[in-house]
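Novice:
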Amino acid sequence: MERVFSKLRNLDAYPKINEDFYNRTLSGGIITLVASIIMLVLFVNELGLYIHSYTETQLVVDTSRGGKLHIHFDITFPAVPCSLLSLDARDISGEEHFDIRHDIFKKRIDSHGAVIEVRQDGIGAPKAHAFMNIEKPLQRHGGRLEHNETYCGSCFGAETADDECCNSCEEVREAYRKRGWGMTNPDLIDQCKREGFVQKIKDEEGEGCNIHGSLEVNKVAGNFHFAAGKSFHQSTFQLFELISLQSDTYNISHRVNKLAFGDSIPGVVNPLDGVQWTQEAQNGMYQYFIKVVPTIYKGVRGRTIDSNQFSVTEHFKGSDLGLFQSITGVYFFYDLSPIKVTFTEEHVSFFHFLTNVCAIIGGVFTVAGILDACIYHSQKAIKKKVELGKFG
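In our numbering, the protein residues as written are 583 to 974.
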């Protein structure tokens with residue numbers, strides 16, 4: 583057994599020196615202190631990399647076809663009342679949606695930006711008592727004042743069939759829109775007059791509107807826009823039904839509280855969130871040109887988010903008074919990038935961390951030893967020459 587221990591002793595790569603032969607120097611102490619600090623700093627940095635995850639980015643061609651694009655928005659118009667604000671969407675495939683209301687919510691706001699409480703009768707803040715009395719029979723009879731269930735209201739020439747009825751102001755407006763007509767004076771429409779449509783718009787004079795919600799559109803290039811009044815088509819042009827009861831022009835100043843094309847991605851800030859624009863010219867349209875980049879986020883715990891990022895440029899297009907009615911509004915034109923971005927969240931393994939720590943300690947210790955040896959032998963050689971009188 584003693585022979586085995588003796589052979590193992592001969593394999594010792596770290597021979598020990600008697601303490602009596604140690605020669606400690608000032609330079610060696612300084613080098614040891616500096617090396618220890620360097621090792622500590624590198625170790626803390628490596629520990630931080632191990633504790634926190636990192637993200638790998640990959641760019642590939644987007645080969646997906648079809649599908650839907652989910653748009654989430656929250657926009658405030660401080661000078662456009664909710665009764666006139668409408669949302670339309672269209673894309674290059676020809677699909678169009680006018681005056682979208684599904685999953686769309688509006689809040690009336692005053693001139694100071696505070697939300698106005700909406701009463702149960704739908705009028706809003708209390709105004710004239712006579713106007714409040716109008717809504718009560720409307721509720722009892724499904725939004726119309728007629729007590730006769732066989733009543734069939736006129737569509738004022740916009741009907742497409744002899745038996746078509748327009749029993750409310752909204753139905754008349756919709757019939758006009760389908761015909762490509764604009765209803766500019768609702769006071770001449772019996773249903774609108776009896777429902778107090780004009781009075782409601784006048785009551786909201788000086789108010790603004792916060793509109794928020796979501797859209798589901800085809801995953802192709804298109805646009806959605808906000809305008810004052812219903813949109814309709816006349817020949818190949820898209821026009822807007824502007825009801826000139828408050829002013830000849832509308833202030834389309836706005837603030838984009840939120841705009842996202844899909845679910846939120848950790849660490850990604852949408853470029854339009856919090857952006858505000860104030861209208862200075864009298865008429866025109868404000869345009870946002872958006873490039874949507876399909877993005878997949880893969881979390882370290884297996885969570886996958888299929889969403890989108892986007893970049894944007896802005897432009898205001900003014901117009902003369904003759905073209906005002908056809909273009910006023912805020913437009914968001916979007917197009918899809920052919921490149922898909924994949925973010926993959928990774929985590930450093932423990933063995934990788936251990937390997938790097940060993941490399942740090944060993945590397946710094948070795949370099950410090952070499953540096954100490956060089957300084958020590960240089961000092962020793964200089965001292966010897968001085969003693970022999972050969973130096974200098």
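Ideal Cβ placement from N, Cα and C applies to all residues, glycine included.
Note the first and the last residue of the continuous beta strand (DSSP E) segment covering N839.
Specialist: H836 to F843
Novice: Taking F892 as the reference, give the member of F915, G695 and V968 with the closest Cα.
Specialist: F915
Novice: Which residues does DSSP pair with N890 in a beta bridge?
Specialist: According to DSSP, which records beta bridges pairwise, N890 is partnered with P876.
Novice: Per the DSSP calculation, R991 is bridged to which residue(s)?
Specialist: A query on residue 991 cannot be resolved here, the shown segment of the chain reaching from 583 to 974 and no further.
Novice: What three-state label does DSSP hand G795 in the structure shown?
Specialist: The DSSP-derived three-state label of G795 is strand.
Novice: Give the straight-line distance between the Cα atoms of C847 and L629, rounded to the nearest whole angstrom.
Specialist: The question names Cys, but residue 847 in the sequence shown is Ile. For I847 and L629, the distance between alpha carbons rounds to 26 angstroms.
Novice: Just checking, does the stretch 617 to 626 make contact with the stretch 847 to 867 on the three C-beta pairs under 8 angstroms criterion?
Specialist: no
Novice: To which residues of the same chain is L970 closer than 6 angstroms at the C-beta, ignoring the five residues directly before and after it?
Specialist: Cβ within range, chain order: n/a, list empty.
Novice: Since H532 contacts K873 with CB under 8 angstroms, what's their CB separation in whole angstroms?
Specialist: The question about residue 532 has no answer, for the chain in this structure spans 583 to 974.
Novice: Go through its chain and collect everything with a Cβ distance to D769's Cβ below 8 angstroms, but skip five positions before and after it.
Specialist: K775 and V780
Novice: Enumerate, from N- to C-terminal direction, the unbroken beta strand (DSSP E) stretches of 3 or more residues contained entirely within the stretch 611 to 687.
Specialist: 636 to 643, 650 to 659 and 667 to 673
Novice: Which partner residues does K1010 have in the DSSP bridge list?
Specialist: There is simply no residue 1010 to check, as the chain begins at 583 and stops at 974 in what is shown.
Novice: Is the beta carbon of S750 closer than 8 angstroms to that of E777?
Specialist: In this structure, S750 lies closer than 8 angstroms to E777 by Cβ.
Novice: Could you check which residue in Q640, S618, S588 and V616 has the C-alpha nearest to that of E927?
Specialist: Selection Q640, S618, S588 and V616 evaluated against E927 yields Q640 as nearest (Cα-Cα).
Novice: My output table needs one value for H929: the three-state DSSP class, helix, strand or coil.
Specialist: coil
Novice: May I ask you to verify whether the stretch 869 to 887 touches the stretch 916 to 935, counting CB pairs closer than 8 angstroms and requiring at least 3?
Specialist: A contact exists between the stretch 869 to 887 and the stretch 916 to 935.
Novice: Using a 10 Å radius around the Cβ and a threshold of 16 neighbouring Cβ atoms, would you call H729 buried or exposed?
Specialist: Residue placement at H729 is poorly supported in this model, since its pLDDT is 45, which falls under 50; the coordinates are not used for a value here.
Novice: In three-state DSSP terms, what is H897?
Specialist: The answer is strand: DSSP assigns H897 an E or B state.
Novice: Please determine, among A842, N805 and A941, the residue with the shortest C-alpha to C-alpha distance to A671.
Specialist: When only C-alpha atoms are compared, the closest one is N805.
Novice: Short of 6 angstroms in beta carbon distance, which residues of its chain neighbour D845, apart from the five on each side in sequence? Order them along the chain.
Specialist: I887 and S889
Novice: For the beta strand (DSSP E) that V857 lies in, which residues bound it at each end?
Specialist: Here the beta strand (DSSP E) through V857 covers V857 to W859.
Novice: How is the alpha helix (DSSP H) around I783 delimited, first residue to last?
Specialist: F779 to D785 is the span of the alpha helix (DSSP H), which, as asked, contains I783.
Novice: What are the residues that DSSP puts in a beta bridge with I538?
Specialist: Beyond the ends of the chain as shown, which are 583 and 974, falls residue 538; an answer cannot be given.
Novice: Given this structure, state the Cα-to-Cα distance separating H694 from C747, to the nearest angstrom.
Specialist: 42 angstroms
Novice: So, for A696: in the same chain, excluding its five sequence neighbours on each side, which residues have a beta-carbon less than 7 angstroms away from its beta-carbon?
Specialist: Leaving aside the five residues that flank A696 on each side, none in its chain has a CB nearer than 7 angstroms to its CB.
Novice: Beta-carbon separation of K982 and C791 under 8 angstroms?
Specialist: The chain is shown from 583 up to 974; residue 982 falls before or after that span and cannot be answered.
Novice: Exposed or buried, V912, counting other C-beta atoms within 10 Å across all chains shown (16 or more means buried)?
Specialist: buried
Novice: What is the DSSP secondary structure of E728, reduced to helix, strand or coil?
Specialist: For E728, the pLDDT reaches just 46, beneath the cut-off of 50, and the residue's location in the model is therefore unreliable, although a value from the coordinates is still provided. Note: E728 maps to coil in three-state DSSP.
Novice: By the 10 Å Cβ neighbour count, where 16 or more other Cβ atoms means buried, how is M583 classified, buried or exposed?
Specialist: exposed
Novice: Look at the Cβ atom of F925, then the Cβ atom of T658, and state whether they are nearer than 8 angstroms.
Specialist: no
Novice: Would you mind sorting D785 into buried or exposed? The rule is 16 or more other CB atoms within 10 Å of its CB.
Specialist: Counting other Cβ atoms within 10 Å of its Cβ, D785 reaches 16 or more and is therefore classed as buried.
Novice: Going along the chain, which residues of its own chain have a beta-carbon closer than 8 angstroms to the beta-carbon of V946, five neighbours each way excluded?
Specialist: Excluding sequence neighbours, V946 sits near A617, I620, M621 and L624.
Novice: Could you tell me if E798 is buried or exposed, where buried requires 16 or more neighbouring beta carbons within 10 angstroms of its beta carbon?
Specialist: exposed
Novice: What's the gap between the Cα of A941 and the Cα of I793?
Specialist: Cα to Cα, the separation comes out at about 58 angstroms.
Novice: Across which residues does DSSP place Q869 in a beta bridge pair?
Specialist: H897 and Y913
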